[in-house]
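No gaps in the numbering here: position 8 of the sequence shown is 159 in our numbering, and each next residue is one more. Note that the Cβ used here is the ideal one computed from N, Cα and C, for glycine as well. First comes the structure, then the notes that go with it.
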Amino acid sequence: MAVQVAAFEDAGWDVTDDKRRPLRVLAHFNQPLWLAIRGVAGALPFQSDSGEPEAWVSKLEAEAKRFRKR
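Structure below.
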């Protein structure tokens, strides 16, 4: 599992829990996930190409800053 986790991290995917342990279902989903990552079979959920947050995220952050000032 440690080798699989390292390989997924190299591909840009985090397959660990909040304590950095491999997910329990990784043994069941690692092969289909690899196929989807490589584009062989299946598809992955939408991933944004840009690193910029969406407009609603910026508005929410600004509103939170105004609220904290009160």
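Relative to the alpha-carbon of residue 187, which residue among 207, 164 and 172 has its alpha-carbon at the smallest distance?
164
Using 10 angstroms around the beta-carbon of residue 218, count the other beta-carbons present and answer buried if the total reaches 16, otherwise exposed.
exposed
Roughly how many angstroms lie between the CA atoms of residue 185 and residue 220, to the nearest whole one?
47 angstroms
Terminal residues of the continuous alpha helix (DSSP H) containing residue 192?
Careful: residue 192 lies outside any alpha helix (DSSP H) and carries neither H nor E.
If you follow the alpha helix (DSSP H) that residue 212 is part of, which residue opens it and which one closes it?
206-220
Cβ-based neighbour list, residue 166, same chain, cut-off 7 angstroms, excluding 5 preceding and 5 following
156, 159, 173, 174 and 177
Nearest-angstrom Cα distance between residue 257 and residue 169?
Outside the modelled stretch of the chain, which goes from 152 to 221, sits residue 257, for which no answer is possible.
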